[in-house]
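First residue of the sequence shown: 1, per UniProt numbering; consecutive thereafter.
Cβ coordinates follow ideal geometry from the N, Cα and C atoms, glycine included.
Below: the structure, in structure tokens.
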Amino acid sequence: MDRADHHAGNVEGVSLALLGAIVWKSDKEIEVREYNGSPANMIWFWVDGNRYAMSYNHSTEQIELKERTHKGGVLHSFDNTTSYQEIIEIFNNL
């Protein structure tokens, strides 16, 4: 939560929901990027053999779900206006 507070107040709630969705749907390892021993703003996970990345976009102040890598195409963007129903639907369709 400190990472979300540090960057933007508009993602602290949705970040918890997204972490729950990642734990729920991921079927392989979940990787969190570290920088100097602290979590960075990036996480990778797998669903049905497909790799996804989530990272915080400083310009839009949203968390982005991307295909394969942090440079992959943006599949969805999330902030505190994103409902948990939307998150469930998006993750069910990965």
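| Query | Result |
| --- | --- |
| Taking all protein chains shown into account, do 16 or more other C-beta atoms lie within 10 angstroms of the C-beta of Ser83, making it buried, or fewer, making it exposed? | exposed |
| What does a CB cutoff of less than 6 Å around Met42 pick up in its chain, not counting 5 residues either side in sequence? | Arg33, Ser55 and His70 |
| Can you tell me which of Gly49, Arg68, Lys66 and Trp24 puts its alpha carbon nearest to the alpha carbon of Ile88? | Trp24 |
| May I ask you to list the residues that DSSP assigns as paired with Ile88? | For Ile88, which the question treats as bridged, DSSP gives no partner whatsoever. |
| Rounded to a whole number of angstroms, what is the C-alpha to C-alpha distance between Trp46 and Val74? | 16 Å |
| Which runs of the beta strand (DSSP E), 3 residues or longer, sit entirely within the stretch 1-79? | 31-35, 38-47, 50-57, 62-67 and 74-78 |
| So, for Glu67: in the same chain, excluding its five sequence neighbours on each side, which residues have a beta-carbon less than 7 Å away from its beta-carbon? | Tyr52, Gly73 and Leu75 |
| Hey, would you say Asn10 sits closer than 8 Å to Glu61, going by beta carbons? | yes |
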